[in-house]
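Note sheet for the following structure.
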DNA sequence: CTGAAAGCGCTAACAT
DNA sequence: ATGTTAGCGCTTTCAG
């Protein structure tokens, strides 16, 4: 029932508990034979160190936080999934991974250096700026993923959303589309802004003015894509292509089009962003932009662990490349 | 920078640290005025208790584990998402939620009563029986969700998969289908077996023999649904309806059918299981069985917390009802 | 109502 | 190479 302590082992081995502690921590000062003996006793007694005690004296909690802006809305299941998977793969059982939406906390009181050795913030919105400042003020080692932050000295891993959106829009333009709408992401989310910017830039490069009526606000969710498409289809002059800032919204948009008797991509083209596992399996398969969440999360975990061990990390800002994934939901209007 | 301890507060308040401890823990033995004074000092100093110290003396870690059989395959993003969301909603900041796939552990060494006050196991497969026994042997309070376990005395919350599958199959039969295939879930997963059983039972009730060629093994993933459908469509006599044991597989199945020029549901009907957020937005909208993961997770968190506080929990086994969700992917062949 | 003292299990000087 | 001692920050007898 494992209430064995180093003192018990010490007694059995006929040494002091200090020696046991050292042996178990592989101190080089201990006689190899003694060490072997102690370890074997520990093994046979099924000894497990009491991490609360270790934590107290070593001033480490062995907890790592993986925090999201919110778990309620705007965070897609696929996003959460890939992030957790990526991080867990790296930290193995060296740390406990604590997953939380920032908005689950009434106060940040429980978030402190004693309780978290480090924090990875999957930042989605500027709304978590206060949290970032809190962490910074309280000297908690942290890194920010997914959203670019201005703060200096912060390790910041971000996907290159803007150029992804640029390439997608450019692709649509190359396919001959000229009237291209965008369904934007959640208001206040940096990623939403970056994707819009890439879209704008591409249009500009082709000398096409940005039209307000073709920019519809969404919130990254399925439903909002649906509603946006309904509005777009009601326009006097319909777009020939719709760039949705998330795959989920693209799904919703396709749904709206199909319900109104239109065919995708024959009557209207639709593209997404994210490349969730589903996008290859929708009908039609979704042309989208792949966002390397899992890779970014793995890298984040590595960087955070390095930061905890060496107390510093070289590169501050790292861009993760997005990739255009061409499937079947955007029609080629020309032969180029 | 919050390295304030109760001793600092004691000094400032002119009392002993014992009194501070008691005051902060709302002990009734402390003079209300003293208490107020101490609390206000603590507040102004921005005191945060050191949870490692509390943990050591109180023998509680304030950690709750949410464990999955695996995070690599067979666990859908939606499943993970709803489970985490449900649990976090209940535990708020009273506990840390640690999310892990059991197969992330090389050994269970780090899983013990000192490190986890309690564990919720989202059990998907009999493969985690050893883990359950481990937890039980080591006296870690735990409850098992999602999969029925034989072990007595274990709090066990499970969705009623079998009757969900039964109702779905029955619905297909009522629609006039007689040649109904099933794409089964991951081998070894209890849920896969239960869904198959519900299917079998319904066929039996209608006097239809189970045909091996209509039972295809899948693994709950998109791809496996696709492959299964390919095989079914190659049959000399095709099924008129295909019951997939997960929405993901249903998506794959629809994909395969459409690629082969068939229309769903006009040429072949497809149904799913789970009712993930996506199922209403696929084309056609998926007829499926809703599985109340979030509710079950919330209930699980409540039960676990009750178990930790009162050291016992009344009901051992609770069934969560699944629900038939009729949408557009199953065709009515008759007029009944 | 408050304080002194002990101790949770561990690590880390400081001896030797 | 090993032991002695102190102490991490907190709660909890036990005394008063």
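Chains as they are written, first to last, in the UniProt record's numbering: chain A, 1 to 336; chain B, 1 to 336. Note that the Cβ used here is the ideal one computed from N, Cα and C, for glycine as well.
Below 8 angstroms on the Cβ atoms is my contact criterion, and I expect residue i with residue j to pass it. Report the Cβ-Cβ distance as a whole number of Å.
i                      : j                      : result
residue 76 of chain B  : residue 248 of chain B : 6 angstroms
residue 227 of chain A : residue 281 of chain B : Wrong, their Cβ atoms sit about 12 angstroms apart, outside the cutoff.
residue 273 of chain B : residue 182 of chain B : Rounded, the Cβ-Cβ distance is 10 angstroms, inconsistent with contact.
residue 95 of chain A  : residue 134 of chain A : Rounded, the Cβ-Cβ distance is 21 angstroms, inconsistent with contact.
residue 337 of chain A : residue 148 of chain A : A query on residue 337 of chain A cannot be resolved here, the shown segment of chain A reaching from 1 to 336 and no further.
residue 48 of chain B  : residue 102 of chain B : Between residue 102 of chain B and residue 48 of chain B the Cβ distance is about 33 angstroms, and since that is not below 8 angstroms, they are no contact.
residue 185 of chain A : residue 279 of chain A : Going by Cβ atoms, the distance from residue 185 of chain A to residue 279 of chain A rounds to 16 angstroms, so no, they are not a contact pair.
residue 332 of chain B : residue 176 of chain B : 7 angstroms
residue 166 of chain B : residue 198 of chain B : 4 angstroms
residue 42 of chain B  : residue 9 of chain B   : 5 angstroms
residue 270 of chain B : residue 329 of chain B : 5 angstroms
residue 180 of chain B : residue 253 of chain B : With a Cβ gap of about 13 angstroms, residue 180 of chain B and residue 253 of chain B do not count as contacting.
residue 160 of chain A : residue 321 of chain A : 5 angstroms
residue 98 of chain A  : residue 66 of chain A  : 7 angstroms
residue 216 of chain A : residue 231 of chain A : 6 angstroms
residue 157 of chain B : residue 299 of chain B : 6 angstroms
Go ahead and pull the three-state DSSP assignment for residue i.
i                      : result
residue 288 of chain B : strand
residue 234 of chain A : coil
residue 88 of chain A  : helix
residue 15 of chain A  : coil
residue 94 of chain A  : coil
residue 113 of chain A : coil
residue 30 of chain B  : coil
residue 208 of chain A : coil
residue 330 of chain B : coil
residue 221 of chain B : coil
residue 100 of chain A : strand
residue 65 of chain B  : strand
residue 71 of chain A  : coil
residue 58 of chain A  : helix
residue 20 of chain B  : helix
residue 203 of chain B : helix
residue 118 of chain B : strand
What do you get for residue i, buried or exposed, if any count of 16 or more other CB atoms within 10 angstroms of its CB means buried?
i                      : result
residue 36 of chain B  : exposed
residue 151 of chain B : exposed
residue 118 of chain B : buried
residue 164 of chain A : buried
residue 195 of chain B : buried
residue 205 of chain B : exposed
residue 7 of chain B   : exposed
residue 210 of chain A : exposed
residue 202 of chain A : buried
residue 18 of chain B  : exposed
residue 73 of chain A  : exposed
residue 170 of chain A : buried
residue 146 of chain B : buried
residue 316 of chain A : exposed
residue 14 of chain B  : exposed
residue 29 of chain A  : exposed
residue 192 of chain B : buried
residue 275 of chain B : buried
residue 106 of chain B : exposed
With a floor of 4 residues, list each alpha helix (DSSP H) that falls wholly inside the region 247-325 of chain B, ordered by position along the chain.
247-259 and 293-310
Beta strand (DSSP E) segments (min. 3 residues) lying fully within the region 125-186 of chain A
142-145, 155-159 and 180-184
Cβ-based contacts, 7 angstroms cut-off: residues of the region 241-264 of chain B near chain A:
251, 252, 254, 255 and 258
Using a Cβ-Cβ cutoff of 8 angstroms, what residues of the region 180-209 of chain B are near chain A? List them in chain order.
none
Check each residue of the region 47-72 of chain B: if its Cβ is closer than 7 angstroms to any Cβ of chain A, include it; give the result in chain order.
48, 50, 51, 52, 53, 55, 56, 61, 63 and 71
Against chain B: residues of the region 264-277 of chain A by CB proximity under 9 angstroms
264, 276 and 277
Residues, ordered as in the chain, of the region 107-139 of chain A that lie near chain B by beta-carbon distance below 7 angstroms:
109, 110, 112, 114, 115, 138 and 139
According to a CB-to-CB cut-off of less than 7 angstroms, which residues of the region 69-94 of chain A neighbour chain B?
71, 77, 78, 80, 81, 84, 85, 88, 92 and 93
Can you list, in chain order, the residues of the region 274-299 of chain B whose Cβ is nearer than 9 angstroms to any Cβ on chain A?
276, 277, 278, 280, 281, 282, 283, 284 and 285
Name, going along the chain, the residues of the region 214-233 of chain B whose beta-carbon falls closer than 9 angstroms to a beta-carbon of chain A.
221, 222, 223, 225 and 226
Of all the residues that make up the region 10-25 of chain A, which are near chain B by a beta-carbon distance shorter than 7 angstroms?
none
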